[in-house]
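**Student:**
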Amino acid sequence: QKEVEQNSGPLSVPEGAIASLNCTYSDRGSQSFFWYRQYSGKSPELIMSIYSNGDKEDGRFTAQLNKASQYVSLLIRDSQPSDSATYLCAVNIPYSGAGSYQLTFGKGTKLSVIP
Amino acid sequence: GAGVSQSPRYKVAKRGQDVALRCDPISGHVSLFWYQQALGQGPEFLTYFQNEAQLDKSGLPSDRFFAERPEGSVSTLKIQRTQQEDSAVYLCASSLDPSKGAEEQYFGPGTRLTVT
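Printed below as a string of structure tokens:
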């Protein structure tokens, strides 16, 4: 079973704090990892992609990847109420045969930033 | 520039009716994906096109679901004889060319299908 696991939350943090969102995946062959933000009633919006072990920073967002531990995380610094949303972890889990770039998503973590 | 567009945004169908959902990807994007998202869940993969070729349809839940992309741009997802369990949001995503490393997928607004 190819799985992506996330804590469903809700995760509540005060405004200005660091929010830490975590994701684990089952397939060691996975190479591509993505974080999406989804506001209620809206479609997923790509925030970050990460392909190599280590950290990748973009503004207030940092993605961290550890392939040995099969773990990917997203840190949001200086959290704002507008960051309140569900955060989806997505992994390209390779399948045999013709190349397919389908994403396998976790169920998402709901983040609430309290003013 | 324009993002992924989908139509209709909302569709109500009586059980047993056929529906067609349209996706217009970002211009120049080679790959197109369809996902189904149930309430409180992450999107689940349905099918994938590279240009006009349907390379992966492993996620289609039954033979009532059919997708096409005849000219390698606009795609249509068709559901025949709709059932209540088909009620969900259907999301379309496109990416520039994942076979060349441009894997990021960008989603359209989705079509919310309700089967009564």
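Protein sequences appear in the order of chains A and B. Here this note's numbering is used: the first sequence runs in plain steps of one and ends on residue 115. Here this note's numbering is used: the second sequence runs in plain steps of one and ends on residue 116. Ideal placement from N, C-alpha and C gives every residue a C-beta, glycine not left out.
(1) Is Lys100 of chain B helix, strand or coil when you go by DSSP?
(2) Please name the residue in B:Gly110, B:Gln50, B:Phe66 whose C-alpha comes closest to that of Pro98 of chain B.
(3) State yes or no: is the C-beta of Val89 of chain B within less than 8 angstroms of the C-beta of Gly72 of chain B?
(4) Using a Cβ cut-off of 8 angstroms, which residues of the segment 98-110 of chain B contact any Cβ in chain A, in chain order?
(5) Compare the Cα-Cα distances from Ala63 of chain A to each of A:Ala90, A:Tyr39, A:Ser84 and report the closest residue.
(6) Taking a cut of 8 angstroms between CB atoms, which residues from the segment 102-113 of chain A lie near chain B?
(7) Indicate the three-state DSSP secondary structure (helix, strand or coil) for Asp78 of chain A in the structure shown.
(8) Would you say Gly42 of chain B reaches chain A, if we count a Cβ-Cβ gap shorter than 8 angstroms as a contact?
(9) Quick check on Leu46 of chain A - is its C-beta less than 8 angstroms from some C-beta in chain B?
(10) Quick test of your reading: Thr109 of chain A and Gln6 of chain A, contact by CB under 8 angstroms. State the CB separation rounded to the nearest angstrom.
(11) Indicate whether Gln41 of chain B and Lys107 of chain A have their beta-carbon atoms separated by less than 8 angstroms.
(12) How would you call Pro10 of chain A, buried or exposed, if buried means at least 16 neighbouring beta carbons within 10 angstroms?
(13) Would you check if there are 3 or more beta carbon pairs closer than 8 angstroms linking the segment 92-107 of chain B to the segment 23-39 of chain B?
(14) Note down, in chain order, all residues in the segment 24-37 of chain B with a beta-carbon under 9 angstroms from any beta-carbon belonging to chain A.
(15) So what's Gln50 of chain B in DSSP terms, helix, strand or just coil?
(16) Measure the C-alpha to C-alpha separation of Gln17 of chain B and Gln80 of chain B and round it to an integer number of angstroms.
(17) Output yes if chain A places a C-beta closer than 8 angstroms to the C-beta of Ser95 of chain B; else output no.
(18) Leaving out five residues on either side along the sequence, give the residues of the same chain with a beta carbon under 6 angstroms from the beta carbon of Asp55 of chain A.
(19) According to DSSP, is Glu85 of chain B helix, strand or coil?
(20) Going by DSSP in three states, Asp83 of chain A sits in which element: helix, strand or coil?
(21) Shorter than 8 angstroms from the beta carbon of Asn7 of chain A to some beta carbon of chain B?
(22) Taking 8 angstroms as the threshold, find out whether the segment 64-73 of chain A comes into contact with the segment 17-34 of chain A through three or more Cβ pairs.
**Tutor:** According to the structure shown:
(1) helix
(2) B:Gln50
(3) no
(4) Pro98, Ser99, Glu103, Glu104, Gln105, Tyr106, Phe107, Gly108, Pro109, Gly110
(5) A:Ala90
(6) Gln102, Leu103, Thr104, Phe105, Gly106, Lys107, Gly108
(7) coil
(8) yes
(9) yes
(10) 5 angstroms
(11) yes
(12) exposed
(13) yes
(14) Ser31, Phe33, Tyr35, Gln37
(15) strand
(16) 7 angstroms
(17) yes
(18) Thr62, Gln64
(19) helix
(20) helix
(21) no
(22) yes
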